[in-house]
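The sequence shown begins at 55 in our numbering and counts up by one.
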Amino acid sequence: MNRFLLVVLIMAAMMPLSAQVSQSIVEDWESGDFSVLSWERPDLQYRWEVTSEGAHSGRYCARSGNYYTLNTESVLQLGVYLTESGNLSYYRKVFSAVGSGGFRFWLDGELRDSLAGYVEWGEFQCPISAGYHVLKFSYTKNQTASKGSDCVWIDDIHMPDGIIVHGQENPCETPERPQASVNGNEVTISWSNAYHTEDVVIFDDVEGHEFGAVNDPGTVGWSYIDGDGAPTAPFSVLSFPNAGEPMAFVVLDDYLLVGNQYDVSAHSGHRFFGSPFHSDMANDDWIISPELNFTEPFTFSLYARSFADRFPNEKFVVAYSMSNTDAASFIPLHCDPITTTPEWHEYSFMVPAAAKYVALHCISHDQYIFCMDDLSIRGRRASGHPCNVYRDGVLIATGVTDSLFIDRYAGVGEHCYTITYICGETESAHSETACVRINSVSIPSEISTARDTEPYDLPSISKDANNSHMATTLEEMLRWNKFPTYDVYTELLQHFQETFPNLCEIDTILDTTPHPDLHHSIFAIHISNTLGQATTKPAFLYSSTMHGWEVVCYYMVLRLADYILNNATTDSAVQRLLDNVDLYICPLENPDGTYHLSNDLILKDGIHSTYHNYNDVQLNRNYPLLPGLTDSVNIQPETQAIIDWVTPRHFVMSVNFHCGAEIVNYPWDAWTTAQRSHADADWFRYTGQNYASLCQTQDTAYLYGEYRGRSVIEGADWSPLIGGRQDYMTYYQRCREVTIEMSYQSVITDTLVLPTFWDKSKNALLSYAMECSYGFWGTVTDAVTGEPVEALIKVLNHDRFNSEVLSHLPLGTYHRPIMAGTYTVEVSAPCYKTETFTVTTRPGVGIRHDVVLHRQTAEPEVFDQYILPGMQTTLVALSQNEVFWYDSDTSTRAIATGNRFTTPTLYDTTTYYVEERYQDDTMLCVSPRSAVTVYVIDTSSFNSILEIQDSELKIRPNPAEDYLIVEGDDDGPLHVEIYDMNGISVFENTIKCPTKLDIAKMTSGCYFLKATYVNGRQSVVKFIKMR
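The following block contains the structure:
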């Protein structure tokens, strides 16, 4: 039987206007949800979400469901009553593959706006009149092509004045002062007003009503409105009691009806409700429930049909009221009237908890008889409130439904407790405190004291516990419905490496863990198609089970490794991952906790498996604290090994898997969003929601989250902690790590259920690892040598608190995942000049931008000199920074500073060394040293060239670059020859002084210019040619 399910509610114009305030209607989703206008999101699998991934303005916007299959549609609808005419406006952004789908907007069923492809934020406007309207925003995917997010974003909707209907307030009182008592090392906290729920069912199969009864309340207590007040039309064939009388609904009986030529039967039994037609006018007939008092949203279901094939268009609307039974007080639960069929069909509606009444309104026009049967109202009524329990200001238990809680892990010392009520989406103020002192802690036999917020009962030890969920051979493990024994685990890793030697390599992170009786190691699986090679691919890490008994994720990442290795040539998603990502998987971070009692059995009992490590330390409170936090941390061997292993691998992104909930949380764990938000918080929410959405394509209820139905939440907004791995990796390693709580159950012993977690997570696991290759990336190299440079890459007006990334050796590669947008980026490194560039990123694309950095210092440019014995000369160093001269390559004491250095009188060839220095903030930058030689030459080797005479012959500039001006002491012709240091003539010409000689093509070095006058007199002048 098909079921018609409308999940989310529409606020419409049928409230009494006198009871409402007309105001300008604005939706910017800054509430973080859909509560302001109560939007309708009818599709469970591709529902619209509120997101912070680059809103048009403010922090939030709405986004259609992400798409991974074809022929799907994501719809967001709103019914609204406007009291004034004016303009409707909104902003939209679209990203879709060419020809694969697009965005459309309908106003009252008329298509007004459509977009496809990649379109940045833009505004749409259209006129809208006063009255009731239906707005429908839709994104449709109709091809298999995929690009980026495949969705549309909507923000900043503005409409003229209208009616906004708000739900009833849900006040949340403060708990009365709790009581606390100590028994050994246990603290018992009690309080009043325990939470209690009861299921409520109101059902009417109409069999108890009298045939022909008009507007009969029955045992349920229905009430009716005959809005039209007119007699029903006469029937020429059909006959039943009270036919033709004014009525809303009448009780019909398929056995007693006279002239039932259509052979209509009740859905169940013989009797059903009917609303007969009126000639030439529409029905206006209501059936209304008794007063309701549910505390949670509830369902209203019924079966309905048209009486006759010839008149199939019976129409009805289901509505609710939060105040009274006046027709004007009812709010429709759907935008469009529902048209029945000639067969019984079930209709089901979700109704808000604030509803006092629910009703069905028949609005058929000139049909026959609207038929209805088997009406049911089902929901839950609660009294009291579930509670949160805080110890010393830290949340230790949530959703407690009893009025008593036992804290077994408080430890020695004084502790103070408070209680808060959970009232829907809000939390009450804290109660007064109840303080106790624990003087000593008793340690049960064979069990170490646990100090953590994870409660568990400790049963008696039994080595005969059921082990049907354990794989004892490799063959059994590869069926992938059980957990491995420790020996099978190590055998499986060896199998991976030996079977796929070109793709898989096993790293040992820690060879020996603290367990004194069982030998355990911490391993990582390195999966790459570039093993043993330096690569520009980003490194990504999946790690699991730092809490020993949280093993569903242990199973999951092992199966992920197996799937990737076995499908490297057949699955395009796997191939894409291997081509773009350097993947590491650490399946078991706490083997001593998982295999605590033996290597053969895993159970969440605190005996066979424990939450902490062997030394009874909570490893997710054991990492170095971030700046500004104070506490003492005794770093464990497992923690130090992870730190030492991740540091040289420079992971771009990582995931730390846990069990105990189903949610994605991101940094910071130590600060709430209000205290300190991460610079990339929007990106974390966006990528986290993409992960959750992919899981939900397989199971719509999975990874739904615990906070306002959100799948993704900031760590401390959910469960604050300090010393956690997520914050350590994100801050100190500059990696973007999230924590994914994969399963409410830590150990699943049902071998049929365990594989289902793989089925709904596989695509998300493959897709999420690809995120580290998106954003922008490149290499940073030295402008002169081409060698890689370790640099800081900072997004200006964005990065803060170590969110910048670094380039790393051996290739100088950097990777910067970031939200789609345009950014100005600054690249800096010690002793290099800072460079900036602008980059525009898009979803699902990695933009490459290589950077070349110029040193602040360079080897000074100097030129050798040639002199005669007993002469001095001045050496010139070309440099933009301070220059220091040395008489040896290793000397630490400079003999001179400045760009010019005049030598002492020299009789032998001498070499000097020169460097330049630059003070870069607190760092002194020193260039490599250049060598310059002053050659003291023997004049006999130059024969007639060096008949050096006193002369008025002058040349300038000296040193020279492109030209040389020669000036003599008379106006007669002058024969000029230029010789290099080997006595070879490189230039010869007869000139008239003064003249300009072109020497641009001559190589740099020292030259001699010999000038011969008409009378035979000669002069020789030395000059230096630069560049």
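From the three backbone atoms N, C-alpha and C, an ideal C-beta is built for every residue, glycine too.
Quick check on DSSP: helix, strand or coil for residue i?
{"i": "Q1003", "result": "For Q1003, the pLDDT reaches just 42, beneath the cut-off of 50, and the residue's location in the model is therefore unreliable, leaving the point undetermined."}
{"i": "D167", "result": "strand"}
{"i": "S597", "result": "strand"}
{"i": "N851", "result": "coil"}
{"i": "W699", "result": "helix"}
{"i": "W276", "result": "coil"}
{"i": "L673", "result": "helix"}
{"i": "E84", "result": "coil"}
{"i": "S691", "result": "Checking the sequence shown, residue 691 turns out to be Pro, not Ser. Three-state DSSP puts P691 in a helix."}
{"i": "C826", "result": "helix"}
{"i": "H263", "result": "coil"}
{"i": "A1065", "result": "strand"}
{"i": "D1016", "result": "coil"}
{"i": "E552", "result": "helix"}
{"i": "M783", "result": "helix"}
{"i": "I392", "result": "strand"}
{"i": "V611", "result": "helix"}
{"i": "S1058", "result": "coil"}
{"i": "P51", "result": "Outside the displayed range of the chain (55 to 1081) lies residue 51, so it cannot be described from this structure."}
{"i": "F294", "result": "coil"}
{"i": "N817", "result": "helix"}
Compare the beta carbon distance of residue i and residue j with 8 Å and say whether it is the shorter of the two.
{"i": "A715", "j": "D781", "result": "no"}
{"i": "N621", "j": "V628", "result": "yes"}
{"i": "L863", "j": "E844", "result": "yes"}
{"i": "E559", "j": "Q551", "result": "yes"}
{"i": "K591", "j": "N556", "result": "no"}
{"i": "S708", "j": "M783", "result": "yes"}
{"i": "C713", "j": "C640", "result": "no"}
{"i": "M524", "j": "L655", "result": "yes"}
{"i": "P214", "j": "G281", "result": "no"}
{"i": "G769", "j": "Y720", "result": "yes"}
{"i": "N1043", "j": "V1030", "result": "yes"}
{"i": "V206", "j": "F157", "result": "yes"}
{"i": "L657", "j": "V801", "result": "yes"}
{"i": "I342", "j": "A284", "result": "no"}
{"i": "V986", "j": "Y972", "result": "no"}
{"i": "T228", "j": "S485", "result": "yes"}
{"i": "E858", "j": "L850", "result": "no"}
{"i": "F294", "j": "N269", "result": "no"}
{"i": "C470", "j": "V454", "result": "no"}
Which whole-angstrom value is the C-beta distance of residue i and residue j, which I expect to be below 8 Å?
{"i": "I431", "j": "F326", "result": "Not really, about 17 Å apart at Cβ, beyond 8 Å."}
{"i": "S418", "j": "N337", "result": "5 Å"}
{"i": "N688", "j": "S597", "result": "In fact, because the Cβ distance is near 21 Å, the residues do not count as touching under 8 Å."}
{"i": "R675", "j": "G586", "result": "Contact doesn't hold; Cβ gap of about 37 Å is too wide."}
Does the ligand ZN have even one heavy atom less than 7 Å from the beta-carbon of residue i?
{"i": "V542", "result": "The ligand content of the structure shown is nil, which means the ligand ZN is not present either."}
With burial defined as no fewer than 16 other Cβ atoms inside 10 Å of the residue's Cβ, what is the status of residue i: buried or exposed?
{"i": "P538", "result": "buried"}
{"i": "N520", "result": "exposed"}
{"i": "V312", "result": "exposed"}
{"i": "K1079", "result": "buried"}
{"i": "H869", "result": "buried"}
{"i": "N744", "result": "buried"}
{"i": "I211", "result": "buried"}
{"i": "M531", "result": "buried"}
{"i": "R1083", "result": "The structure shown has nothing for residue 1083, since the chain only spans 55 to 1081."}
{"i": "V257", "result": "Note that residue 257 is Phe in the sequence shown here, rather than Val. The residue in question, F257, is exposed, as its Cβ has fewer than 16 Cβ neighbours within 10 Å."}
{"i": "R1010", "result": "exposed"}
{"i": "M977", "result": "exposed"}
{"i": "K190", "result": "buried"}
Review point. For the region 416 to 484, which segments carrying the beta strand (DSSP E) assignment without a break, of at least 3 residues, lie completely within its bounds, in sequence order?
Key: 423 to 437, 441 to 445, 448 to 454, 458 to 461, 467 to 477
Exercise for review: Run through the region 327 to 360 for me and flag every whole beta strand (DSSP E) of 3 or more residues, listed as ranges in chain order.
Suggested key: 339 to 342, 352 to 360
Review point. In the region 621 to 679, which residue ranges form an unbroken alpha helix (DSSP H) of at least 4 residues, counting only runs that do not cross its ends?
Key: 626 to 634, 645 to 648
Point to revise | Complete runs of the beta strand (DSSP E) confined to the region 839 to 889 [at least 3 residues] | key: 846 to 849, 867 to 870, 875 to 882
Check your understanding: Where are the beta strand (DSSP E) runs, 3 residues long or more, that stay fully inside the region 101 to 148, in chain order?
Key -> 103 to 105, 115 to 117, 126 to 136
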